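Here the protein sequences come in this chain order: A and B.
Here the numbering used here = 1-based position in the first sequence + 852.
Here the numbering used here = 1-based position in the second sequence + 852.
Using N, Cα and C, we set each Cβ at its ideal position, and we do this for glycine too.
Predicted, not measured: the structure shown is a model, and the values here were computed from it.
Structure record follows, encoded as structure tokens.
Protein chains: 2
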Amino acid sequence: MVRESSKISTEFIQTAARILKTLGHPDRIKIVEFLEDGEKTVGQIQRELNLLQPVTSQHLKVMYDRNIVTFRQKGTRYFYSLANNFIIKILDCMSEVQEKLDSGEWDFDFSKIENQKEAV
Amino acid sequence: MVRESSKISTEFIQTAARILKTLGHPDRIKIVEFLEDGEKTVGQIQRELNLLQPVTSQHLKVMYDRNIVTFRQKGTRYFYSLANNFIIKILDCMSEVQEKLDSGEWDFDFSKIENQKEAV
DNA sequence: GTATTATATATGAAAAGTAATATATAATGC
DNA sequence: GCATTATATATTACTTTTCATATATAATAC
Numbered sequence: 853m854v855r856e857s858s859k860i861s862t863e864f865i866q867t868a869a870r871i872l873k874t875l876g877h878p879d880r881i882k883i884v885e886f887l888e889d890g891e892k893t894v895g896q897i898q899r900e901l902n903l904l905q906p907v908t909s910q911h912l913k914v915m916y917d918r919n920i921v922t923f924r925q926k927g928t929r930y931f932y933s934l935a936n937n938f939i940i941k942i943l944d945c946m947s948e949v950q951e952k953l954d955s956g957e958w959d960f961d962f963s964k965i966e967n968q969k970e971a972v
Numbered sequence: 853m854v855r856e857s858s859k860i861s862t863e864f865i866q867t868a869a870r871i872l873k874t875l876g877h878p879d880r881i882k883i884v885e886f887l888e889d890g891e892k893t894v895g896q897i898q899r900e901l902n903l904l905q906p907v908t909s910q911h912l913k914v915m916y917d918r919n920i921v922t923f924r925q926k927g928t929r930y931f932y933s934l935a936n937n938f939i940i941k942i943l944d945c946m947s948e949v950q951e952k953l954d955s956g957e958w959d960f961d962f963s964k965i966e967n968q969k970e971a972v
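Take a look at the structure:
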């Protein structure tokens with residue numbers, strides 16, 4: 853459970869950075885969390901998150917291009933699902949952190965980073 | 853170890869997105885990984901990653917603003933260190949995934965997402 | 001006090017990401 | 001075939017990020 857300081861490979865760092873960056877959007881986190889429940893159509897996702905259809909498709913396309921989600925097509929429906937275990941790991945990680953925060957075991961100064969104007 | 857599907861709160865999603873996005877840069881992942889070893893000065897980080905000094909400071913400033921790193925000043929030296937446990941969790945997560953990939957237990961199509969031109 | 005070292009800040013250009021509007025495509029129901 | 005439904009793609013304006021160059025600041029060594 854505790855990290856052994858085995859260096860992360862350069863190759864994996866590239867990939868990980870790409871994935872973390874892509875998941876660094878609230879709606880995309882919500883989408884993958886929703887998909888953890890099982891495959892969903894674009895319409896289901898759109899309604900669940902209250903997004904515009906093209907925006908939903910755009911997020912899914914970006915995530916498909918980066919190997920975060922995959923899909924199967926059935927008629928006019930596209931059923932999207934999570935493409936790999938890394939994503940599930942990240943979701944697990946977020947859940948664990950949320951629990952620690954909820955239980956008060958960890959503290960986190962949300963105010964410090966939210967709704968903050970970008971720098972550099 | 854297996855995720856209980858307790859919804860992640862909207863508030864935390866905002867924060868998590870911010871953090872994931874910020875860590876979504878190869879050099880920044882390398883920096884936090886280096887910091888896991890203990891606090892480091894800007895110069896140490898710069899030399900370790902072979903970056904320009906202002907670029908190093910810029911990365912550190914962005915991460916400071918988003919509560920990923922913190923620092924103490926001693927003379928002209930700034931000693932940076934990790935600011936919270938969430939970051940360590942993410943590093944753990946990446947290590948675990950790397951191990952699974954190395955061991956062949958998991959497979960991941962790196963080619964699919966690397967050096968790829970952006971889409972929308 | 002002058003030079004040097006360590007680091008921060010300012011600025012600007014180029015690249016990437018975001019979100020909206022409009023349009024295309026393709027399957028389905030009638 | 002025609003309308004409808006589900007989704008993708010194109011385009012564009014806007015915002016943010018990234019990286020480099022230049023400069024400022026402040027402590028230290030001499």
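Original post:
Would a C-beta distance cut-off of 8 Å place L872 (chain B) and L875 (chain A) closer than the cut-off?
Top reply: yes
Subject >> Cβ distance (whole Å) where N919 (chain B) is taken to contact N936 (chain B) below 8 Å >> reply: 6 Å
Original post:
Do the region 885-900 of chain B and the region 927-944 of chain B make contact, defined as three or more Cβ pairs closer than 8 Å?
Top reply: yes
Original post:
With a cut-off of 8 Å, does the C-beta of M915 (chain B) fall near any C-beta of chain A?
Top reply: no
Original post:
Is V949 (chain A) close to chain B, meaning its C-beta is less than 8 Å from at least one C-beta of that chain?
Top reply: yes
**OP:** List in chain order: all unbroken alpha helix (DSSP H) runs of 4+ residues lying wholly within the region 871-908 of chain A.
**Re:** With a minimum length of 4 residues, the continuous alpha helix (DSSP H) runs that stay inside the region 871-908 of chain A are 878-887 and 894-901.
**OP:** Return the chain-ordered list of same chain residues with a C-beta closer than 8 Å to the C-beta of E885 (chain B), the five sequence neighbours on each side being excluded.
**Re:** L943
**OP:** Using beta-carbon positions only, say whether D879 (chain B) and H911 (chain B) come within less than 8 Å of one another.
**Re:** yes
Original post:
Between the region 869-902 of chain A and chain B, which residues of the former have CB atoms less than 9 Å from a CB of the latter, in chain order?
Top reply: A869, R870, I871, L872, K873, T874, L875, G876, H877, P878, D879, R880, I881, K882, E885, E888 and D889
Original post:
Between I881 (chain B) and S947 (chain A), which are expected to be in contact by the criterion C-beta below 8 Å, what is the C-beta distance as a whole number of angstroms?
Top reply: With 8 Å as the limit, I881 (chain B) and S947 (chain A) do not qualify as a contact, their Cβ atoms being about 21 Å apart.
Subject >> Which residues DSSP lists as bridging T922 (chain B), in chain order >> reply: Answer is B:S933, bridged to T922 (chain B).
Original post:
Closest Cβ-Cβ distance between K941 (chain A) and chain B: below 8 Å?
Top reply: yes
Original post:
Quick one: is Q898 (chain B) buried, meaning 16 or more other Cβ sit within 10 Å of its Cβ, or exposed?
Top reply: By the neighbour-count rule (16 or more Cβ atoms within 10 Å), Q898 (chain B) is buried.
Subject >> Distance between beta carbons of L887 (chain A) and V921 (chain A), contact taken as under 8 Å >> reply: 7 Å
Subject >> Three-state class that DSSP yields for I860 (chain A) in the structure shown >> reply: DSSP places I860 (chain A) in coil when its eight states are reduced to three.
Original post:
Hey, is Q905 (chain A)'s beta-carbon within less than 8 Å of any beta-carbon in chain B?
Top reply: No, no contact with chain B.
Original post:
R870 (chain A): which of A:C945, A:G927, A:I939 and A:Q896 sits nearest, CA to CA?
Top reply: Considering only alpha carbons, the answer is A:I939.
Subject >> Where S933 (chain A) meets chain B, residues with beta-carbon distance less than 8 Å >> reply: Residues of chain B whose Cβ lies closer than 8 Å to the Cβ of S933 (chain A) do not exist; the shortest such Cβ separation is about 15 Å.
Subject >> Nearest candidate by alpha-carbon position, reference D917 (chain B), set A:F864, A:H877, A:K952 and A:D961 >> reply: A:D961
**OP:** Round the Cβ separation of K941 (chain B) and C945 (chain A) to the nearest angstrom and send it over; I've been treating them as touching at under 8 Å.
**Re:** 5 Å
Subject >> Residues of its chain near E900 (chain A), where Cβ-Cβ distance is below 7 Å and the 5 sequence neighbours each way are ignored >> reply: The residues F886, in chain order, have a CB closer than 7 Å to that of E900 (chain A) in the same chain once the five nearest residues on each side in sequence are set aside.
**OP:** Mark T862 (chain A) as exposed unless 16 or more other C-beta atoms lie within 10 angstroms of its C-beta, in which case mark it buried.
**Re:** exposed
Original post:
Going by alpha carbons, who is nearest to A868 (chain A) out of B:G956, B:D954 and B:V949?
Top reply: B:V949
Subject >> Sequence-distant residues of its chain with Cβ nearer than 7 Å to Q925 (chain A) (five each side left out) >> reply: There are no such residues.
**OP:** Pick helix, strand or coil for F960 (chain A), following the three-state DSSP scheme.
**Re:** coil
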